[in-house]
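Colleague: Structure provided below as structure tokens; questions to follow.
Numbering (my numbering), first residue to last: 3 to 373.
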């Protein structure tokens, strides 16, 4: 979901894989919970994706703005739309047989409007809300840079976009996020700050950043978050899709915790380069974050279906909640917390297997056509 595949940048390849792992782990009720006591996933990981995307932005692409925007529609929004439509059809078929009780009918609103708001219309692909959100950021950012042309100054506009992002938290706390148009603007403005910061980091900070001792780059984010936790007791903003879940009146804290989380895991990914730079699995995960983001809840539910079938057949004896399974795509079997690891496994392996099969079939068809 970045401007450029991270496989050519080993550090960001690893960072992308770490970020999408955190998404799946968070949605699987966090069985791994890596460093999350001090750096909660929901205090930084969606801004981290925006940071990664901004890092790979190239201003020269704006020389042909219309071509650039069409490319983004083709590579980002169109795949999202097609999968959203597919999930809409699937959910409505299952509803028609009374196999599930969630999901909305396929309408203009559920296909073209709701994805930019909450993306809850079909539930099973709701984590993909980030895709239309970052698409909006990319479009607005490109248009603004094009309009400003030579007047664009990173040293001025990075603080400006940062303040705008903080202001978006403030206005969300005032209730403006309840209006659909404002919600789109507030969400875009918050993520835009990190998109610009990603580009600013690459152009102006990266060389100096890499010269700072790693121990300091790890210690400072931990120290900052420790102080903030002492002050606020909770750093999560748990519902970024609706620009809600900002739990205190320190409007700058979500921006600060996002930067501390980015700094920490950016440093960790740099330290892992000698170990993981040629790891095919890490590379494959990082190249298919879109696929994992879009499909991991589907495979959570396939795991639930497996549990349901085994329970019905009396192969296993667990208090599986069949009604909860039918009523929401977000049901997790929780009584045995350690089993949530299997949600992570299905949420990662399933989408990657789906992608592998798609690429294999596509390659086979192309070979047959050429013959």
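From the three backbone atoms N, C-alpha and C, an ideal C-beta is built for every residue, glycine too.
Using only the alpha-carbon positions, how far apart do residue 362 and residue 34 sit?
Modeller: Cα-Cα distance, rounded: 32 angstroms.
Colleague: Per DSSP, what kind of secondary structure is residue 36 in: helix, strand or coil?
Modeller: Three-state DSSP puts residue 36 in coil, outside helix and strand.
Colleague: Between the segment 286 to 293 and the segment 246 to 259, do at least 3 Cβ pairs fall closer than 8 angstroms?
Modeller: They do not touch, by the three-pair rule.
Colleague: Is it true that the segment 338 to 351 meets the segment 300 to 315, where meeting means three or more beta-carbon pairs spaced less than 8 angstroms apart?
Modeller: Taking 8 angstroms as the limit for Cβ pairs, the verdict is that the segment 300 to 315 does touch the segment 338 to 351.
Colleague: Check whether the segment 208 to 220 and the segment 260 to 269 touch, using three or more Cβ-Cβ pairs below 8 angstroms as the test.
Modeller: A contact exists between the segment 208 to 220 and the segment 260 to 269.
Colleague: Can you list, in chain order, the residues of its chain with a C-beta nearer than 7 angstroms to that of residue 284? Leave out the 5 residues immediately preceding and following it.
Modeller: 15, 16, 19 and 278, listed in sequence order.
Colleague: State yes or no: is the C-beta of residue 173 within less than 8 angstroms of the C-beta of residue 188?
Modeller: Cβ distance < 8 angstroms, so residue 173 and residue 188 count as in contact.
Colleague: Kindly indicate which three-state DSSP category residue 411 falls into: helix, strand or coil?
Modeller: The structure shown does not extend to residue 411, since the chain spans only 3 to 373, so no value can be given for it.
Colleague: Let me check one thing: in DSSP terms, what residues is residue 248 bridge-paired to?
Modeller: DSSP output for residue 248 lists 239 as bridge partner(s).
Colleague: State the Cα-Cα distance for the pair residue 367 and residue 84, rounded to the nearest angstrom.
Modeller: Each residue's Cα considered, the two are about 20 angstroms apart.
Colleague: Less than 7 angstroms between C-beta atoms, sequence neighbours within five positions excluded: which residues of the same chain meet that for residue 324?
Modeller: The answer, listed in chain order, is 310.
Colleague: Sort 73, 95 and 192 by Cα distance to residue 170 and report the nearest one.
Modeller: It is 192 whose Cα lies nearest to the Cα of residue 170.
Colleague: Can you tell me which of the three DSSP states residue 316 falls into?
Modeller: Coil.
Colleague: Would residue 110 be called buried (16 or more neighbouring beta carbons within 10 Å of its own) or exposed?
Modeller: Counting Cβ neighbours within 10 Å, residue 110 comes out exposed, since fewer than 16 surround it.
Colleague: Within the continuous alpha helix (DSSP H) that includes residue 287, where are the two ends?
Modeller: Element bounds for residue 287: 282 to 289.
Colleague: Please classify residue 317 as buried or exposed, where buried requires at least 16 other C-beta atoms within 10 Å of its C-beta.
Modeller: When all chains shown are included, residue 317 counts as exposed.
Colleague: Going by beta-carbon coordinates alone, are residue 44 and residue 89 separated by less than 8 angstroms?
Modeller: For residue 44 and residue 89, no; Cβs fall outside 8 angstroms.
Colleague: Tell me whether the segment 159 to 168 and the segment 192 to 202 touch, counting them as touching only if at least three CB pairs, one residue from each stretch, are closer than 8 angstroms.
Modeller: They touch, by the three-pair rule.
Colleague: At the level of alpha carbons, what is the spacing between residue 87 and residue 124?
Modeller: Cα to Cα, the separation comes out at about 10 angstroms.
Colleague: Hey, quick one: how far does the alpha helix (DSSP H) through residue 88 stretch, first residue to last?
Modeller: Note, residue 88: alpha helix (DSSP H), 80 to 98.
Colleague: For residue 121, I'd like the list of residues in its chain whose CB is within less than 6 angstroms of its CB, leaving aside the five on either flank, ordered along the chain.
Modeller: So the qualifying residues of the chain are 128 and 131.
Colleague: Restricting to Cα atoms, I'd like to know which of 234, 137 and 240 is closest to residue 79.
Modeller: Residue 79 has its Cα closest to that of 137, out of 234, 137 and 240.
Colleague: Using CA atoms only, rank isn't needed, just tell me which of 51, 58, 260 and 177 is closest to residue 10.
Modeller: Closest by alpha carbon: 58.
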